[in-house]
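For the sequence shown, this note's numbering assigns the number 66 to the initial residue and increments by one for each residue that follows. I have placed the structure first, in the form of structure tokens, so that the comments after it can refer back to it.
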Amino acid sequence: MILIGQYDSSFVRRVGIALKLYDMPFRHLPWSVFSDAHKIRPLNPLTRVPTLILDDEDVLVDSHLIIGYLESLVPVERSLWPAAEPDRHRALRVVGLATGLADKAVSLFYEQQLHELVSPVWVERCRGQISAALSVLDEDRAGRRSTNWFGNSIGHADIAVACAIRHVTESLHGVVAMQDYPALHAHCERLEAMPVFREISQPFIPPA
């Protein structure tokens with residue numbers, strides 16, 4: 066398989082980390098949706114990342130769908146989702162909030178950096194959505210005593226949150242003060258120290 070996209074994208078990074086944790090070999094092409102758009106567009110008409118080229122040359126897009134496909138290839142005991150309810154749907158909720166706030170961070174970055182006329186209403190809306198999601202996630206994580214979000218094994222909830230917060234803090238300087246979210250801060254600090262997170266990593270590079 067070939068994973069396309071830079072690891073400063075939380076969406077690309079969560080797929081790369083999952084591939085490593087699943088022990089699935091893959092090739093990584095760190096193409097930018099800006100400077101390498103001409104390479105991505107023939108494979109993905111949306112010109113978005115992550116884009117995953119499968120071994121049969123079919124192409125998948127969207128991190129949620131890619132993760133779902135990868136999960137279908139591994140035995141149940143290798144799954145990165147909780148096996149039973151209610152933890153399974155609670156993990157989906159955490160991932161939804163994490164990827165949602167990451168999406169809002171991208172939207173806010175583009176609004177502030179790529180638009181000549183910035184909408185104060187849109188900026189405040191995005192900032193409010195990001196901080197509200199972080200508050201809910203911090204409260205949820207603080208109420209859990211397990212090593213990871215849903216037990217002692219790392220899962221998609223842990224990965225999605227850490228990747229999202231890394232992106233938010235690096236791309237939106239001064240927008241998020243992680244000391245306001247101590248449980249999340251500790252969670253992400255521990256995960257970012259793991260070898261797989263250090264390997265599947267890239268400092269944020271603003272689009273050019």
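Cβ atoms here follow ideal geometry from the backbone N, Cα and C, with glycine treated the same way.
*Residues of its chain near F39, where Cβ-Cβ distance is below 6 Å and the 5 sequence neighbours each way are ignored*: Nothing in the structure corresponds to residue 39, since the chain is present only between 66 and 273.
*asked:* Is it buried or exposed, D123, if we count other Cβ atoms within 10 angstroms and call 16 or more buried?
replied: For this step, residue 123 is matched to residue 58 along the sequence shown. Classification of D123: exposed, given that the 10 Å Cβ count is below 16.
*V109 bridges to which residues according to DSSP?*
Counting from 1 along the sequence shown, the entry for residue 109 is found at position 44. It should be pointed out that residue 109 corresponds to Asn in this sequence rather than to Val. N109 pairs with nothing; no bridge assigned.
*To which residues of the same chain is H252 closer than 6 Å at the C-beta, ignoring the five residues directly before and after it?*
The residue you call residue 252 lines up with position 187 of the sequence shown. Excluding residues within five positions, the ones whose Cβ falls inside 6 Å are R206.
*Distance, E254 Cα to R263 Cα*: In the sequence shown, the residue the question calls residue 263 occupies position 198. In the sequence shown, the residue the question calls residue 254 occupies position 189. For R263 and E254, the distance between alpha carbons rounds to 11 Å.
*DSSP-derived helix/strand/coil call for T116*: For the purposes of this step, residue 116 is taken as residue 51 along the sequence shown, with counting starting at 1. If DSSP states are grouped into helix, strand and coil, T116 belongs with the strands.
*Apart from the five residues on each side of it in sequence, which residues of its chain come closer than 6 Å, Cβ to Cβ, to G70?*
Position 5 of the sequence shown, counted from the start, is the residue given in the question as residue 70. The answer, listed in chain order, is V77, V114, P115.
*Distance between G133 and P185 (C-alpha atoms, nearest Å)*: Along the sequence shown, read from residue 1 onward, the residue named residue 185 stands at position 120. Along the sequence shown, read from residue 1 onward, the residue named residue 133 stands at position 68. Going by C-alpha positions, P185 is about 37 Å away from G133.
*Once you ignore the five residues that flank L274 on each side, which residues in its own chain have a CB closer than 6 Å to its CB?*
Look at the range of the chain in this structure, 66 to 273, and you will see that residue 274 is not part of it.
*asked:* Looking at the secondary structure, which residues open and close the alpha helix (DSSP H) in which H232 lies?
replied: Numbered from 1 along the sequence shown, position 167 holds the residue referred to as residue 232. Unbroken alpha helix (DSSP H) run through H232: 221 to 236.
*Can you tell me which of L108, C228, V183, A167 puts its alpha carbon nearest to the alpha carbon of V261?*
Locating residue 261 in the sequence shown gives position 196, counting from the first residue. Comparing Cα-Cα distances from V261 to each of L108, C228, V183, A167, the minimum goes to C228.
*Alpha carbon to alpha carbon, how far is E150 from S266? Give it in angstroms, no decimals.*
By one-based count along the sequence shown, residue 266 stands at place 201. By one-based count along the sequence shown, residue 150 stands at place 85. Straight through space, the alpha carbons of E150 and S266 are spaced by roughly 32 Å.
*Identify which residue in Y175, S218, G161, H238 has its Cα closest to the Cα of V226.*
Working through the sequence shown from its first residue, we reach residue 226 at position 161. Of the listed residues, the one whose Cα sits closest to V226 is G161.
*Please name the residue or residues paired with I69 in a DSSP beta bridge.*
One-based indexing of the sequence shown puts residue 69 at position 4. DSSP lists L94, T116 as partners of I69.
*Measure the C-alpha to C-alpha separation of K104 and L249 and round it to an integer number of angstroms.*
Taking the first residue of the sequence shown as 1, we reach residue 104 at position 39. Taking the first residue of the sequence shown as 1, we reach residue 249 at position 184. When rounded, the distance between both Cα atoms is 37 Å.
*From the DSSP output, which residues share a beta bridge with G216?*
Counting from 1 along the sequence shown, the entry for residue 216 is found at position 151. The bridge partners DSSP lists for G216 are N213.
*Could you say if the segment 137 to 153 and the segment 235 to 245 meet the contact criterion of at least three C-beta pairs nearer than 8 Å?*
No, because fewer than three Cβ pairs between the segment 137 to 153 and the segment 235 to 245 fall closer than 8 Å, the two stretches do not touch.
_Reduced DSSP secondary structure (H/G/I, E/B, other) of V183_ = Your numbering for residue 183 matches position 118 in the sequence shown. If DSSP states are grouped into helix, strand and coil, V183 belongs with coil.
*Going by DSSP, which residues form a beta bridge with V126?*
Position 61 of the sequence shown holds residue 126. Under DSSP, the beta-bridge partners assigned to V126 are T116.
*Within its chain, find whatever has a CB closer than 8 Å to the CB of I82; leave out the 5 residues flanking it on each side and keep chain order.*
Position 17 of the sequence shown holds residue 82. Annotation for I82: I224, C228, V261, F262, I265 place their beta carbon closer than 8 Å to its own, counting only its chain and skipping 5 residues before and after.
*Go ahead and label S75 buried or exposed: buried means 16 or more other beta carbons lie within 10 angstroms of its beta carbon, across all protein chains shown.*
Within the sequence shown, the letter at position 10 stands for residue 75. Label assigned to S75: buried.
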